[in-house]
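Protein chains in written order, with our numbering: chain W, 1 to 113; chain H, 114 to 230.
Every residue gets a Cβ at the ideal spot worked out from N, C-alpha and C, and that includes glycine.
Just so it is clear, the structure is predicted and the values come from calculations on it, not from any experiment.
Single-structure report; data block below.
As structure tokens, then:
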């Protein structure tokens, strides 16, 4: 079945450091890929998405490229801020499964001033 | 942007009580809504897919008689936790899929923290 694997957290960085959170997936079809962010005590917010191979999603300085050959969708940001501290979820949606989202386990990011 | 309102945001009640959680899409219609459960420091687990005007589809291992879902309109789905017990304490999150545009991403509510004493 479909699945998503993320690097384990927590990840602790200093402000302005470079961020990479790894995400790999297993899917039978051609899924869409997403990164969601969850701030403490809140629901999820869509950060970025990509719907086909080689697409790059970007938003608020974050970006991720849909790599079909390596089945990956790694999240990157060149310079993190304290306000980026949150939990980040990688997810996939298979068109053949009615739009259901399959989430990775989440990666907690803590950015120190 | 698309907004999903979830209510209540926090509820504490005694064991044996039934609790209803509402999920509303405020500025769009949603034929399909999803209900998730999240334990502390863990990922979201899909509980069920709620379809307007029809029965919900439950994921394996989720008790449909325990977690009643009603999706009576294109903007409202409800999850009722019947006869709740402490093990039902969790963070419940809903999401809504905009109707007519399958490629639009789901929009999430802010979640409901349920604590059963």
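List the DSSP bridge partners of residue i.
| i | result |
| --- | --- |
| residue 120 (chain H) | H:135 |
| residue 146 (chain H) | H:163 and H:209 |
| residue 168 (chain H) | Answer is none; residue 168 (chain H) lacks a bridge partner. |
| residue 7 (chain W) | Residue 7 (chain W) pairs with nothing; no bridge assigned. |
| residue 103 (chain W) | W:91 |
| residue 114 (chain W) | Nothing can be reported for residue 114 (chain W), as the shown portion of chain W is limited to 1 through 113. |
| residue 131 (chain W) | A query on residue 131 (chain W) cannot be resolved here, the shown segment of chain W reaching from 1 to 113 and no further. |
| residue 191 (chain H) | H:135 and H:183 |
Could you check if residue i belongs to the surroundings of the ligand NAP, using beta carbon to heavy atom distance under 7 Å?
| i | result |
| --- | --- |
| residue 153 (chain H) | You won't find the ligand NAP in this model; it holds no ligand whatsoever. |
Excluding the five sequence neighbours on either side, which residues of its own chain have a C-beta within less than 6 Å of the C-beta of residue i, listed in chain order?
| i | result |
| --- | --- |
| residue 162 (chain H) | 147 and 170 |
| residue 32 (chain W) | 51 and 93 |
| residue 138 (chain H) | 117, 188 and 209 |
| residue 204 (chain H) | 151, 224 and 226 |
| residue 9 (chain W) | 107 and 108 |
| residue 79 (chain W) | 16 |
| residue 77 (chain W) | 19, 61 and 62 |
Less than 7 Å between C-beta atoms, sequence neighbours within five positions excluded: which residues of the same chain meet that for residue i?
| i | result |
| --- | --- |
| residue 86 (chain W) | 37, 38, 39 and 109 |
| residue 81 (chain W) | 15 and 111 |
| residue 49 (chain W) | 32, 33, 34 and 57 |
Listing by chain order, which chain W residues have their CB less than 9 Å from the CB of residue i?
| i | result |
| --- | --- |
| residue 142 (chain H) | Those do not exist, as residue 142 (chain H) stays about 15 Å from chain W at its closest Cβ, beyond 9 Å. |
| residue 180 (chain H) | The premise fails here: residue 180 (chain H) is roughly 17 Å from chain W at the closest Cβ pair, so nothing lies under 9 Å. |
| residue 152 (chain H) | The contacting residues do not exist; residue 152 (chain H) stays about 11 Å from chain W at best. |
Could you list which residues in chain W have their beta carbon closer than 7 Å to that of residue i, in chain order?
| i | result |
| --- | --- |
| residue 218 (chain H) | 34, 46 and 49 |
| residue 224 (chain H) | 42 and 43 |
Residues of chain H with CB closer than 8 Å to the CB of residue i, please, in chain order.
| i | result |
| --- | --- |
| residue 100 (chain W) | 147, 159 and 162 |
Determine the chain W residues that contact residue i at a beta-carbon separation under 8 Å, and present them in chain order.
| i | result |
| --- | --- |
| residue 156 (chain H) | 89, 103, 104, 105 and 106 |
Report the neighbours of residue i on chain H: residues whose CB is nearer than 9 Å to its CB, in chain order.
| i | result |
| --- | --- |
| residue 1 (chain W) | Under the 9 Å cutoff, chain H gives no residues; its nearest Cβ is about 11 Å from residue 1 (chain W). |
Closer than 8 Å by C-beta to residue i: which residues in its own chain qualify, once you throw out the five before and the five after it? Chain order, please.
| i | result |
| --- | --- |
| residue 127 (chain H) | 229 and 230 |
| residue 197 (chain H) | 126, 128, 129, 130, 131, 132, 227 and 229 |
**Request:** Mind checking the region 8-20 of chain W against chain H and listing, in chain order, the residues whose C-beta falls within less than 8 Å of any C-beta there?
**Result:** Identification of residues in the region 8-20 of chain W having a C-beta nearer than 8 Å to some C-beta of chain H yields an empty set.
**Message:** Under 9 Å, CB to CB, which of the residues in the region 50-78 of chain W have a partner in chain H?
**Reply:** Those residues of the region 50-78 of chain W that come within reach of chain H (Cβ to Cβ, closer than 9 Å) are 51.
**Item:** chain W contacts made by the region 197-212 of chain H, where a contact means CB separation under 7 Å
**Value:** Flagged, chain order: 206 and 210.
**Request:** Could you tell me which uninterrupted beta strand (DSSP E) segments, each at least 3 residues in length, are contained entirely in the region 12-77 of chain W, listed from first to last along the chain?
**Result:** Correct list: 19-21, 23-26, 32-38, 44-50, 56-59, 62-65 and 75-77.
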